[in-house]
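Worksheet for the structure shown next.
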Amino acid sequence: MTTTATPTAPFVRTHISPRTDGATVTAPESPPSAWATATTYAGRTVRQFIRTPQLLVVSAVTSVMFLLIFRYVFGGAIQTGPVRYVDFLIPALAAVSGLFSGGVVGVAEDADSGLFDRLKSLPVPRAAILLGRSMADTGLIMWGTVVTVVVGFAVGFRVHGGVVGAVAALGLCVLFAAAFSWLGIFLGLSAGSSQAAQGLSFAVFPLIFVSSAYVPVQSMPSWLRPIADNQPVTAMVGAVRAVVLGGDTVTLLGHSTTWFVTRSLIWSVVIMIVFATLSTRRFTKR
Amino acid sequence: MSSRPNIVEASKLRKRYGKVEALAGLDLEAPAGAVTAILGPNGAGKTTFIKAVATLLNPDSGTLTVGGGDALAAPQLVRRMIGLAGQNAAVEPALTGRENLVMVARLFGHNRAAAKAAADIVLSDINLIDDADRPVKGYSGGMRRRLDLGASLVGAPQLLLLDEPTTGLDPRTRIELWHTIRALVARGTSVLLTTQYLEEADQLADHVVIIDHGRSIATGTPTELKARAGRAMIEVRVAHASELASVIQLLAPLGTETARVDEPARRIAIPVDDGAARLADAVRMLADSGIQLDDLGVRRPTLDEVFLALTGGPK
Ligand SMILES: Nc1ncnc2c1ncn2[C@@H]1O[C@H](COP(=O)(O)OP(=O)(O)OP(=O)(O)O)[C@@H](O)[C@H]1O
Ligand SMILES: [Mg+2]
Chain U
210 MTTTATPTAP FVRTHISPRT DGATVTAPES PPSAWATATT YAGRTVRQFI RTPQLLVVSA
270 VTSVMFLLIF RYVFGGAIQT GPVRYVDFLI PALAAVSGLF SGGVVGVAED ADSGLFDRLK
330 SLPVPRAAIL LGRSMADTGL IMWGTVVTVV VGFAVGFRVH GGVVGAVAAL GLCVLFAAAF
390 SWLGIFLGLS AGSSQAAQGL SFAVFPLIFV SSAYVPVQSM PSWLRPIADN QPVTAMVGAV
450 RAVVLGGDTV TLLGHSTTWF VTRSLIWSVV IMIVFATLST RRFTKR
Chain P
91 MSSRPNIVEA SKLRKRYGKV EALAGLDLEA PAGAVTAILG PNGAGKTTFI KAVATLLNPD
151 SGTLTVGGGD ALAAPQLVRR MIGLAGQNAA VEPALTGREN LVMVARLFGH NRAAAKAAAD
211 IVLSDINLID DADRPVKGYS GGMRRRLDLG ASLVGAPQLL LLDEPTTGLD PRTRIELWHT
271 IRALVARGTS VLLTTQYLEE ADQLADHVVI IDHGRSIATG TPTELKARAG RAMIEVRVAH
331 ASELASVIQL LAPLGTETAR VDEPARRIAI PVDDGAARLA DAVRMLADSG IQLDDLGVRR
391 PTLDEVFLAL TGGPK
């Protein structure tokens, strides 16, 4: 026989313990600042990265895999003139590691899980959430860069541009990582699901291959050359290569260091502005 | 004018997704300092409405005020009043319970010290203090739900929005969460929650709004609503389908409405106004008749039956 007993069986623990100290939570006086919002969300995301070893491995492994394949399988067949192939390759991989790793999937997961819904219901400056995401993703990308360069040193890469060149290369890599982090955020927000994000994160690969990252542009068919020459990745890898190689980059790489660096800076700023604007618009839209 | 001010007032809210009208002119009032349950089947528009109140989406038309403020024109003010626990527990598995709460507390606007203190208090309130420093990936479903509820509390919001807070929980964990919610309300927080279970609305809510196809179809206290479907249902399962008709005829005088028959299951449900007394009558009448029974009992009307009573047809 079925009954109508109200379910207050004795085995049920009530999950509110009687407070003896009378402590209660009070509402905060003012909403969080943009900086507090960004650093809080960035801090949470970095912790998530650090505690997810698979993620750290995956975000470095693609870049390292390409490094080893090109260094040992294709490298012998690629003519890079007066520059050793390993010195040609490693700066390029360091510059574009933001296209291999980054937050595309992470952003889509935070949208999927309902975390973004909670964050958007809070009195935070919404754009600051994305800024925090960009900070954390830049860190993740730089992790991939560092692993790539360390492996690079192990397989023969050397810096010829001195300390100034090394510091300049680092600065450029951080800037490019920040720019690519915004591209990743935009893709993650557009993906709709984390599975789709996985696929989307491969969509940027042509950008890497149709550039001077692995092979000199001169070796490409003439119809492809103008595209490869004028796209952002070529400017970025050229800039890092130029400062790392030092010396007469016009002879070594075809253009002066200033030519590469200026172009790469302009591209980075453009990428950042475009994708930060598009992402923020998408994120704050109701 | 009602005696209590309303914390949420929606009028003629509409929201369309392509061909689907998720909200089709919804009118709804939720009194302050009380629990209002929005009851409705899958796709009724519950989540859409909660999202509108949480300032996550803009309705196409209509008005919506939260705590007296216009949720559409001044969402930032509303965000300072609400705490949201969405349909999925939005907690980060890689972080500990405490870290999850501190993060949300910071984003409510607490400084570092206040965020830690708030997390501490809430952790003991939701009885997770012993598990506070374990990563959430080791938590059970019920613990995650409690933590998610806790995350909506660290900012001490005036209005809690809980979207199906117990869906997916086993019956015992569900009851535990009811206790938690009830104790919170005793402290004066207003709660707007959604549910698919009449039982849950009955247990928690002072005020129930039944919605379907994006429209409110009935409002009232749980008791009032159940009265409209009959206060209780007497359910009979006969041993032989051939005797369904005679049982219906025999018990008809007990019912407030005509019996509902489920032929394949050989089951009859009769809405009555006094469950215990009518059950006693039914037992006597059926015993006298000598009809062979598999089961006989009294139970509360299900949501389906309330719907049937309110809409006058299958939903
Ligand atoms: N983002 C969206 N895009 C398209 N259709 C949507 C979207 N969100 C909701 N809908 C549709 O609107 C209707 C109401 O959805 P809603 O999620 O509000 O229902 P619900 O009452 O919360 O249901 P459930 O009990 O399943 O959670 C459904 O028909 C749903 O398919
Ligand atoms: Mg829903």
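Sequence lines, in order, name chains U and P.
Count along the first sequence from 1, then add 209; that gives the number in the working numbering.
Count along the second sequence from 1, then add 90; that gives the number in the working numbering.
We put the beta carbon where it would ideally sit given N, CA and C, even for glycine.
As the structure is a computational prediction, the values presented were derived from the model and not from experiment.
Asked, Found
"Chain P contacts from the segment 238–254 of chain U (Cβ-Cβ distance under 8 Å)", "GLU238, SER239, PRO240, PRO241, ALA245, THR246, THR249, TYR250, GLY252 and ARG253"
"Beta carbon of U/VAL316 nearer than 9 Å to that of U/GLY397", "yes"
"Cβ of P/HIS297 within 9 Å of any chain U Cβ", "no"
"Per DSSP, cross-strand counterpart(s) of P/GLY380", "The partner list for P/GLY380 (beta bridge, DSSP) is empty, contrary to what the question assumes."
"U/ALA218 versus U/ALA412: straight-line alpha-carbon distance, rounded", "Unreliable positioning characterises U/ALA218 in this predicted model, as indicated by a pLDDT of 37, which lies under 50. The coordinate reading is nonetheless provided below. Going from the Cα of U/ALA218 to the Cα of U/ALA412 covers about 56 Å."
"Residues that P/ILE324 bridges to, as DSSP identifies them", "P/ILE360 and P/VAL388"
"P/HIS330, buried or exposed, once every other Cβ within 10 Å from all chains shown has been counted against 16", "exposed"
"P/LYS136 beta carbon near ligand 2 (any heavy atom closer than 8 Å)", "yes"
"Coil, strand or helix - U/PRO332 by DSSP", "coil"
"U/ILE482, buried or exposed, once every other Cβ within 10 Å from all chains shown has been counted against 16", "exposed"
"According to DSSP, residues forming a beta bridge with P/ASN96", "P/PRO121"
"Where the alpha helix (DSSP H) containing U/ILE480 begins and where it ends", "466–493"
"Buried versus exposed call for P/ASP363 [16 or more other C-beta atoms within 10 Å across all chains shown]", "exposed"
"N-terminal and C-terminal residue of the alpha helix (DSSP H) that U/ARG450 is part of", "441–454"
"Rounded separation between U/GLY361 and U/VAL355 - CA only", "9 Å"
"Beta carbon proximity, P/PHE198 to chain U, threshold 9 Å", "yes"
"Any non-hydrogen atom of ligand 4 within 8 Å of P/PRO247 CB", "In the structure shown, ligand 4 is absent; the only ligands present are ligand 1 and ligand 2."
"Cβ shell of P/THR138 (< 6 Å), same chain only, five flanking positions each side left out", "LYS105, ALA112 and LEU113"
"The segment 235–251 of chain P: positions lying closer than 9 Å to chain U by Cβ", "ARG236, ASP238, ALA241, SER242, LEU243, VAL244, GLY245, ALA246, PRO247, GLN248 and LEU251"
"Backbone secondary structure at P/LYS109 - three-state DSSP", "coil"
"Expected contact under 8 Å - CB spacing of P/ARG264 and P/THR256 to nearest Å", "4 Å"
"Member of P/GLU99, P/LEU334, P/THR311 and P/PHE198 whose CA lies at the smallest distance from the CA of P/LEU383", "P/LEU334"
"Cβ-heavy atom distance, P/GLY133 to ligand 1, below 8 Å", "yes"
"P/ARG236 and P/LEU218 closer than 9 Å at C-beta", "yes"
"Neighbour flag for U/THR223 against chain P, beta carbons, 9 Å", "Bear in mind that the predicted position of U/THR223 carries a pLDDT of just 45, short of 50, making it too unreliable to give a figure here."
"Positions along the segment 172–186 of chain P whose CB lies within less than 9 Å of some CB in chain U", "ILE172, GLY173, LEU174, ALA175, GLY176, GLN177, ASN178, ALA179, ALA180, VAL181, GLU182, PRO183, ALA184 and LEU185"
"Per-residue burial, U/GLY393 [other beta carbons within 10 Å of its own, 16 or more giving buried]", "buried"
"Contact set between the segment 309–333 of chain U and chain P, restricted to residues whose Cβ is under 7 Å from the partner", "SER322, GLY323, LEU324, ASP326, ARG327, LEU328, LYS329, SER330, LEU331, PRO332 and VAL333"
"Assigned secondary structure, P/ALA308 (DSSP; H/G/I helix, E/B strand, else coil)", "strand"
"Short CB-CB distance (under 9 Å) between U/THR354 and chain P", "no"
"Cβ-heavy atom distance, P/TYR107 to ligand 1, below 8 Å", "yes"
"C-alpha gap between U/ALA232 and P/ALA209, whole angstroms", "12 Å"
"P/GLU254 CB to nearest heavy atom of ligand 2 below 8 Å", "yes"
"Chain-ordered residues of the segment 123–140 of chain P with a beta carbon less than 7 Å from chain U", "none"
"Beta-bridge partners of P/GLY130, as assigned by DSSP", "Answer is none; P/GLY130 lacks a bridge partner."
"Three-pair Cβ contact test at 8 Å for the segment 264–272 of chain U versus the segment 340–360 of chain U", "yes"
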